[in-house]
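So the mapping is simple: this note's numbering equals the position in the sequence shown, first residue as 1, plus 2. The C-beta atom is built at its ideal place from N, Cα and C for all residues, glycine as well. Since we're looking at a predicted model, the values are computed, not measured.
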Amino acid sequence: MKKKKVFQAVSLALCLAIGLTACGGGGETSSAPGGKADPSKPFAGKTLRVAVEDGGEYALFYQDLKSEFEEKTGATVVFESMEGVVTELINKSSYFDVLTMDGPKIPEYVSNGYLLPLDDRVKDYDLDDFYPSALNTCKWDGKLYTIPYLVHGPVVYYRTDLFEKAGIDHGPATLEEYLEDAKKTNDPKNGIYGTIIEGKQSATEAVSHLWDKILQQGGGVLDKDGKVIFGSEKTVDAFKYMMSFYDAGCVPPGSSSYDNGDCQNMFLAGQLAIGVNWPYMWSMCKDPKYSKVIGKVAVAPQPVTSACWSWSFGVCAFSKNADLAAEWCKWAGNSDNITKLATTFINPAVRKSSSKKAVESLSDAADKATLEAMNKSLDQAVAPVLNTKITPMRDRMALTLNRICTRTTTDIPGEVAACAEDLKKICGQQ
C-alpha cells in the first residue's frame, strides 16, 4: 500500500500520553484503570479513517469538531485525502472506514460494492427530521447508503437597488416574473445585464442548472423507475423558456459559453441584476475582497422547484470498523452539528429542526433572510433520479445545451429528441 496523505496526523506525544502502542491500526483496544474496558466508550482504542476532500472547508469544519466524537466514543479520528481512495476500493482495502460522498457518485459506488447499506444501523435514528429531498439523495435502489450533512442547490441572487429602481419590490417568485424582472433590469448600455442563462458545454455546473429548468417545467431526465424521459415536451419547454432570455437580449453576449463561475464573477462585479448560483456565493457577496455589491443583494428560492444535491458520509464496505463508521455518520448528521454547519456557512440545513434553530440563532438580518430563503428552496426541492451512467449522460446533455444556446441548431424538438435517443443508448434502454 502506498503512503497516504494524512489530513491531520496524531502526534507521538498524544499517543504516549494515552498509552497506545500504535497510532494507525484499526483493531486496537484500550482499557479503563484497572485493566477493565470503559463501557461508556465502546470504541476506545479504535482508529477511524475518514476520507475527505483535501483542504475542503467542510472537512475542516468536521476536523474542528471531531474531538467531541472522540470524547464520546474513545476512538481516534484521522482525516485523510480522498486522493487515491478509488485505488484502495478497487483493491478491496480496509484502509478507509468512512467515505465522503458526492450524491451523483452513490449509484456507481453502490453498484461496485463500495458502500454498506445503513438501514439496519439507523433504525433508532431520527431520519424523519431530515428533509425528504436531502435523504433521498443518499438512497439507491430503495436502500439508504449515506447520511447527508450538506445539501445545496442554486438559489436566486438579485440586486435590491436595481430592482427598486425598476419598481420591483420582491425577488422573482414565478418563472414569468424571473423573465420579466430580467427584462426590466437589463441595462447593457451601462454594463448591466438582466441575468445569465448558462450554455457552456460543461457536464457539471451548466447541466445542473439545465436540470433545474427541466424540473421547473414539470419534466425530468429519468423517471422514478430510471427510464429516460428527457425527450418529453417538458424538456422542449425548458429550452424554449431559456432561449426566451436570449431572444429578449437580457443576457450577456457570451452567455452561451458561460457557467456558474462566470455568473459569480459578473454578479459580484455588479454586471448582473439576477444571478442563479449555489449557496456559497452569499458569503462572497458580503466580502469586500470579492464584491462590489455589498449591501445590495438579497436571495430568493428558485421559482417552482430545483434539484437537490448533497454531500454525505457513508461506510466503506471493506472497513473493519463498520459499526464505529456508522456512528460517525450519525454523529456528523446530528441536529446540533447540522445547525452549526448551517450558521457557519449560511447554507440550507439538511434537518428540519436545524433549519429552524439556525435561523433563530443568527443576529444579522441579511443572513437570517438569506438562510430562510435557502431553507425554503430546499423544502420545495426534489432529489433527481440518478443511475450509474450519470457522467456520460451529463456529457451528452451538455452538448445539446450548448448547441441550442449557441443556436448551432434552432430545431429544439429535434435536438432534444436526438439527445434523448443517445441517453437511452447510454443507459442500455434500446
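Separation of Q266 from D189, as counted between CA atoms: Approximately 18 Å, taken between the alpha carbons.
Straight-line Cα distance separating L217 from M244: Distance between the alpha carbons of M244 and L217: 13 Å.
Distance, E362 Cα to K370 Cα: Per the coordinates, the alpha-carbon of K370 lies some 8 Å from the alpha-carbon of E362.
First through last residue of the beta strand (DSSP E) which encompasses D150: In the sequence on display, residue 150 carries Pro and not Asp. Run containing P150: T148 to H154, per the beta strand (DSSP E) assignment.
CB of L50 within 8 Å of CB of V79, strictly: Taking 8 Å as the Cβ cut-off, L50 and V79 qualify as a contacting pair.
Helix, strand or coil at C318 [DSSP, three-state]: Three-state DSSP puts C318 in a strand.
Span separating the alpha-carbon of D104 from that of H172: Rounded to whole angstroms, the gap between the alpha carbons of D104 and H172 is 34 Å.
Beta-carbon proximity check, W313 vs F71, cutoff 8 Å: Here W313 is not near F71, since their CB atoms are 8 Å or more apart.
Cα-Cα separation between A309 and K391, rounded to whole angstroms: Approximately 18 Å, taken between the alpha carbons.
Extent of the continuous alpha helix (DSSP H) run through R51: R51 -> not in any alpha helix (DSSP H); beta strand (DSSP E) instead, spanning T49 to V54.
Reference V209, options P303, V299 and I406, closest by Cα: Out of P303, V299 and I406, I406 has the C-alpha closest to the C-alpha of V209.
Inter-residue CB distance, S285 and L270 (contact presumed, cutoff 8 Å): Not really, about 11 Å apart at Cβ, beyond 8 Å.
Boundaries (first-last residue) of the beta strand (DSSP E) holding S83: Its beta strand (DSSP E) spans residues T78 to S83.
contact_flag[the region 95–114, the region 136–146] where n(CB pairs < 8 Å) is 3 or more: Contact between the region 95–114 and the region 136–146 is present, because at least three Cβ pairs lie under 8 Å.
Cβ neighbour criterion (16 or more within 10 Å) applied to K191: K191 comes out exposed.
Euclidean distance between Cα positions of D183 and V301: Whole-angstrom Cα-Cα distance: 14 Å.
Residues near A34 in its chain [Cβ-Cβ closer than 6 Å; skip 5 each side]: Caution applies to A34, whose pLDDT of 44 falls short of 50 and renders its modelled position unreliable; the model cannot decide the point.
At least 3 beta-carbon pairs within less than 8 Å: the region 349–364 vs the region 122–139: At 8 Å Cβ cutoff, the stretches touch.
Residue range of the unbroken beta strand (DSSP E) whose run includes T187: T187 -> not in any beta strand (DSSP E); alpha helix (DSSP H) instead, spanning L177 to T187.
Per DSSP, cross-strand counterpart(s) of W311: DSSP lists H154 as partners of W311.
Sequence-distant residues of the same chain with beta carbon closer than 6 Å to G222, five excluded per side: Around G222: I231.
Inter-residue Cα distance where the pair is E374 and A175: Going from the Cα of E374 to the Cα of A175 covers about 15 Å.
Cβ pair count under 8 Å reaching 3, the region 409–427 against the region 325–342: The region 409–427, when compared against the region 325–342, does not touch it at the 8 Å Cβ threshold.
Exposed unless 16 or more other CB atoms sit within 10 angstroms - verdict on E417: Looking at its Cβ environment, which holds 16 or more other Cβ atoms inside 10 Å, E417 is buried.
Beta carbon proximity, E179 to chain B, threshold 8 Å: Although the question refers to chain B, the structure presented lacks it and comprises just one protein chain.
Which residues DSSP lists as bridging W1, in chain order: The question about residue 1 has no answer, for the chain in this structure spans 3 to 432.
For I276, three-class secondary structure by DSSP: Three-state result, I276: strand.
Reduced DSSP category for T408 - H, G, I as helix; E, B as strand; rest coil: Three-state DSSP puts T408 in coil, outside helix and strand.
CB of T346 within 8 Å of CB of F81, strictly: No. Outside cutoff.
K322 to A328 span [Cα, whole Å]: Cα to Cα, K322 sits roughly 12 Å from A328.
Neighbourhood of G28 by C-beta, 6 Å cutoff - its chain only, sequence neighbours within 5 removed: Because the pLDDT at G28 is just 41, under 50, the model does not fix this residue reliably, and the point stays unresolved.
Close-in-space but distant-in-sequence residues of the same chain around P303 (CB under 8 Å, 5 per side omitted): Correct list, in chain order: V157, V158, A375, M376, K378, S379 and Q382.
From T148, K242 and V253, residue whose alpha carbon lies closest to that of K186: Measuring C-alpha to C-alpha distances from K186 to each of T148, K242 and V253 identifies V253 as the nearest.
Helix, strand or coil at V230 according to DSSP, with G and I counted as helix: DSSP places V230 in the strand class (E or B) of the three-state scheme.
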